[in-house]
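All remarks here apply to the structure that follows.
Protein chains: 2
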Amino acid sequence: MSLPSSVAAPPATLTIGRLAERAGVGIDTVRYYERAGLLPPPPRRASGYREYPADSVRRLRFIRRAKELGFTLTEIGELLELSGPRGGTAAVKKAAQAKLALVEHKLAELQRVRDGLGLLIDACPGHGPLGDCPILRALSEDAS
Amino acid sequence: MSLPSSVAAPPATLTIGRLAERAGVGIDTVRYYERAGLLPPPPRRASGYREYPADSVRRLRFIRRAKELGFTLTEIGELLELSGPRGGTAAVKKAAQAKLALVEHKLAELQRVRDGLGLLIDACPGHGPLGDCPILRALSEDAS
DNA sequence: GTAAACCCTGGGGTCTGGTCCGGAGTCAAG
DNA sequence: CTTGACTCCGGACCAGACCCCAGGGTTTAC
Chain A
14 MSLPSSVAAP PATLTIGRLA ERAGVGIDTV RYYERAGLLP PPPRRASGYR
64 EYPADSVRRL RFIRRAKELG FTLTEIGELL ELSGPRGGTA AVKKAAQAKL
114 ALVEHKLAEL QRVRDGLGLL IDACPGHGPL GDCPILRALS EDAS
Chain B
14 MSLPSSVAAP PATLTIGRLA ERAGVGIDTV RYYERAGLLP PPPRRASGYR
64 EYPADSVRRL RFIRRAKELG FTLTEIGELL ELSGPRGGTA AVKKAAQAKL
114 ALVEHKLAEL QRVRDGLGLL IDACPGHGPL GDCPILRALS EDAS
């Protein structure tokens, strides 16, 4: 019924070092996220070593990327809570909608930056003497 | 030819306080940006007071928004340099293209977050027992 | 069974991006 | 011409997000 135990598949858990490596962050960062409440405290071995389930990698990568998008760790924590168990409550749904609005706002502004850069690149061998630059225009006008 | 000088239009310059107020940042922040090289040192009155041209507001707003999009001050400085005089050089154009790629990457990821949130909001009263949440999926898979 | 590589905790250091004094000079309105 | 608001500078301080180290136990590979 089972394969010989001598070639047993490695357990589907990761030490903190492997986890950090696969997620592309530092070990200290992982522990820091745990303290900050972004990563649930994993079970420990008798020795005290943390044993992470494989899908922690996914969560960590999410955090890393979201940070690059300008979310603070606190905001990221909120995003992650939306996806926890109890993802269907009315309150959670409302929170998700608020986040969505924020994200769409960011999207719109980022698109303006992109368009500005685009103009700059292919229509701009000097563009007027003064400050009518498309990049500046991109985010300076009121839209908040 | 000219209007009476007694009702002369106010000069088109701003004190640091007005500038900060109109741009929505603190006074200290303005000075900090100057030190950081993001805002060119403005001319001074005899008294030492800074006299900002009106369009500094635009530049400051750009900085503020770009920060919200996850750019560091250093990156913002680079973006701003792209739009300086000498916006047509081959080197500058190449730099702009690099920035553009980065921005498009961010856009794509932000869109994934948005889509994840969307799914979460209107298709998700509990979504499977474990970790197949659309938000996590949004940024965890490799796409870098 | 031992050395290299790994993990633990606690605490301090670092970098970024500000924010807040304090003492002194400046400006503008009445 | 005074008074209250503004500005100057330098330096201290702050929060967020890590990064590093020591001293000591644990695993793993040979």
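Residue numbers (this note's numbering), protein chains in the order written: chain A, 14 to 157; chain B, 14 to 157.
Just so you know, even glycine gets a beta-carbon here, dropped at the ideal spot from N, CA and C.
Expected contact under 8 Å - CB spacing of residue i and residue j to nearest Å
i	j	result
leucine 93/B	alanine 36/B	Actually they do not touch by this definition, with Cβ atoms about 14 Å apart.
leucine 123/A	leucine 120/B	5 Å
isoleucine 40/A	glutamine 110/B	Contact doesn't hold; Cβ gap of about 36 Å is too wide.
leucine 95/B	alanine 103/B	That pair is no contact at about 13 Å.
glycine 83/B	leucine 82/A	5 Å
arginine 127/A	glutamate 117/B	6 Å
Cutoff 9 Å: residue i Cβ touching any chain B Cβ
i	result
alanine 104/A	no
leucine 93/A	yes
glutamate 117/A	yes
valine 126/A	yes
arginine 71/A	yes
alanine 25/A	no
alanine 109/A	yes
isoleucine 29/A	no
leucine 52/A	no
glycine 90/A	no
aspartate 113/A	Correcting the residue identity first, residue 113/A is leucine in this sequence and not aspartate. With 9 Å as the cut-off, leucine 113/A counts as an interface residue toward chain B.
Residues bridged to residue i (per DSSP)
i	result
proline 66/A	Thr26/A
arginine 57/A	Arg63/A
Residue from the options with nearest C-alpha to residue i
i	options	result
valine 38/B	Ala25/B, Leu95/B and Ser69/B	Ser69/B
arginine 77/B	Leu27/B, Arg127/B and Glu34/B	Glu34/B
isoleucine 89/B	Ala59/B, Leu115/B, Pro54/B and Cys146/B	Leu115/B
leucine 149/B	Ile29/A, Arg48/A and Glu91/A	Glu91/A
leucine 27/A	Pro53/A, Gly50/A, Tyr46/A and Tyr62/A	Tyr62/A
arginine 125/A	Ser60/B, Ala67/B and Ala79/B	Ala79/B
phenylalanine 75/A	Leu51/A, Ser60/A and Lys106/A	Leu51/A
glycine 129/B	Lys112/A, Ala67/A and Ala25/A	Lys112/A
alanine 25/A	Ala67/A, Pro98/A, Gly97/A and Ala136/A	Ala67/A
cysteine 146/B	Tyr45/A, Pro98/A and Ala136/A	Pro98/A
Min CB distance residue i to chain A below 9 Å
i	result
serine 157/B	Caution is warranted here: a pLDDT of 43 is assigned to serine 157/B, below 50, making its placement in the model unreliable, and the coordinate value is therefore given only provisionally. Yes, serine 157/B counts as interfacial toward chain A.
glutamate 122/B	yes
alanine 79/B	yes
alanine 149/B	Note on identity: in this sequence residue 149/B is leucine, with alanine being the wrong assignment. Yes, leucine 149/B lies at the interface with chain A (some Cβ there is under 9 Å from its Cβ).
alanine 21/B	With a pLDDT of 49 at alanine 21/B, under the threshold of 50, the modelled position of this residue cannot be trusted, and the question is left open.
isoleucine 40/B	no
glycine 83/B	yes
serine 96/B	yes
leucine 32/B	no
glycine 131/B	yes
Cβ-based neighbour list, residue i, same chain, cut-off 7 Å, excluding 5 preceding and 5 following
i	result
proline 17/B	Unreliable placement is indicated for proline 17/B, whose pLDDT of 49 sits below 50; no coordinate value is reported for it.
glycine 30/A	Ile40
proline 54/A	Glu47
serine 157/A	Here serine 157/A scores only 43 on pLDDT, less than 50, and its place in the model should not be relied on; the value that follows carries that caveat. Excluding positions up to five away in sequence, the list is empty.
Cutoff 8 Å; reference residue i; Cβ partners in own chain excluding five residues on either side
i	result
leucine 32/B	Val43, Tyr65, Ser69, Val70 and Leu73
arginine 58/B	Glu64
lysine 106/B	none
alanine 49/B	Leu86 and Gly90
Close Cβ partners of residue i (< 6 Å) along its chain, the five nearest in sequence each way excluded
i	result
proline 56/A	Glu64
serine 60/B	none
tyrosine 45/B	none
heavy atom of the ligand ADP below 8 Å from residue i C-beta
i	result
alanine 36/A	For the ligand ADP, the structure offers nothing, since it holds no ligand at all.
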